[in-house]
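Asker: Counting with this note's numbering, you get residues 85 to 241 for the letters of the sequence shown.
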Amino acid sequence: MSLAKFGKDFVNMFRVSATQMVNPFWWIRAGKENKQMIIDKVPGAAERMEKGELIPEWEYITEGKLGWEYRQVLAGNQDPWCVEGFSYPRANHTKPHIVYTMEDHRVVGCVDCLDDQHYINYLFIKVNEMGRCRDCGNCVVCLPHPEPDLIWVDEHH
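(1) State the CB to CB distance for the pair residue 227 and residue 217, rounded to an integer number of angstroms; the pair is presumed to be in contact (CB under 8 angstroms).
(2) Does DSSP classify residue 87 as helix, strand or coil?
(3) Given a threshold of 16 other Cβ atoms within 10 Å of its Cβ, counted over all protein chains shown, does residue 222 qualify as buried or as exposed?
(4) Could you check where the alpha helix (DSSP H) with residue 122 kicks off and where it finishes?
(5) By Cβ distance below 7 angstroms, which residues in the same chain neighbour residue 180 in space, the five residues on each side in sequence not counted?
(6) So, residue 139 versus residue 122, is the Cβ gap smaller than 9 angstroms?
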């Protein structure tokens, strides 16, 4: 990068930042955007801000989470309770989903059928057989577990 280009970029950056610092309209817009971001992230924030209460930064960074859940979010785990579902690609008979089992059968639930469906299609699949969902056609094959010695079995129950 040439020195002239660097100088030109530096002057342009300084001009933009100086304009933003003294421009009251920029500050008003930035304040409104920040307020809307807080209202979107923290439940009940609009009422609290109308009363004059300041919303602490940790509340909208962690979206109102407290205690253990708060520490999990700060550590980078956005779903500490594991409630977000996994999205798998559709499987057909040429490349089905593989499910391992220690028994001679497995019960698998298919929730990938329709967006407005409010029930789960359960499939009863025997070992070395393929099951297909009756609504979406998703295929699942049940295989014996490849390393059964690694699975802990309670002998008393």
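All residues carry an ideal CB built from backbone N, CA and C; glycine is no exception.
Model, not experiment: these values are computed from the prediction.
Answerer: This is what the structure holds:
(1) In fact, because the Cβ distance is near 18 angstroms, the residues do not count as touching under 8 angstroms.
(2) helix
(3) buried
(4) 108-125
(5) 214, 223, 224, 225
(6) yes
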